Amino acid sequence: MSAPLVGVVLVSHSAQVASAVADLAVGLTGGGGDVPVAPAGGGPDGGLGTSSDLIAAAARSVDRGAGVAVLADLGSAVLTVKALLADDELPSGARLVDAPFLEGAVAAVVTASTGADLDAVAAAAAEAYTYRKT
C-alpha cells in the first residue's frame, strides 16, 4: 500500500475557473498518482464569490492524512482561507500556499503526484512565481 498523497484545494471566485484549473493540473500529471484535488469555486448561491462551506468541504474531501495545500486566486478568497485556518475549520495539516493560482496549482498537483510531502508541494507551488515566459 502506498503512502497517502497530499491533497490540493483550488479556491477561486469562479466555480468554472476552479474546475478548469483542477482539470488542467490533473491532466498534466501524466498519469502519475491519483492526487486528491478539489475545486472550491464560487459563492454560496453559485455566482461569483467565495464560500467558506465549499472550501471546508473541499479540504475535508481531499484530506488523506498527508496534508492539504490550499491555493487561492484573489484577496477575499485568501482572507476566507485564512479565517478558516484561524478557526480550525480546515483539516489538521491544511496550509494556505502563497503561489500564483494557475501555475502554482499545476506545480502543486504534479509534485503531489510524485508522493512528495506537503513542504515540497508548497515549495513547488511557490516557486512558480519565478517562472519566466520570455
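Each residue of the sequence shown is one higher than the last, beginning at 1 in the UniProt record's numbering.
Heads up, the beta-carbon is just placed ideally off N, CA and C, and yes, glycines get one too.
This one's a predicted model, so the numbers in the text were calculated from it and none came from an experiment.
Of all alpha-carbon atoms in 3, 44 and 20, the one lying nearest the alpha-carbon of residue 35 is that of 3. Using a Cβ-Cβ distance cut-off of 8 Å, the region 125-133 and the region 11-26 are not in contact, since fewer than three pairs of beta carbons, one from each stretch, lie closer than that value. The residues 128 and 131, in chain order, have a CB closer than 7 Å to that of residue 103 in the same chain once the five nearest residues on each side in sequence are set aside. Annotated three-state conformation of residue 48 is coil, per DSSP.
Between residue 83 and residue 62, the gap from beta carbon to beta carbon reaches 8 Å or more.
For the pair residue 92 and residue 133, the Cα-to-Cα distance works out to about 36 Å. Secondary structure note for residue 126: its alpha helix (DSSP H) is the uninterrupted segment 118-127.
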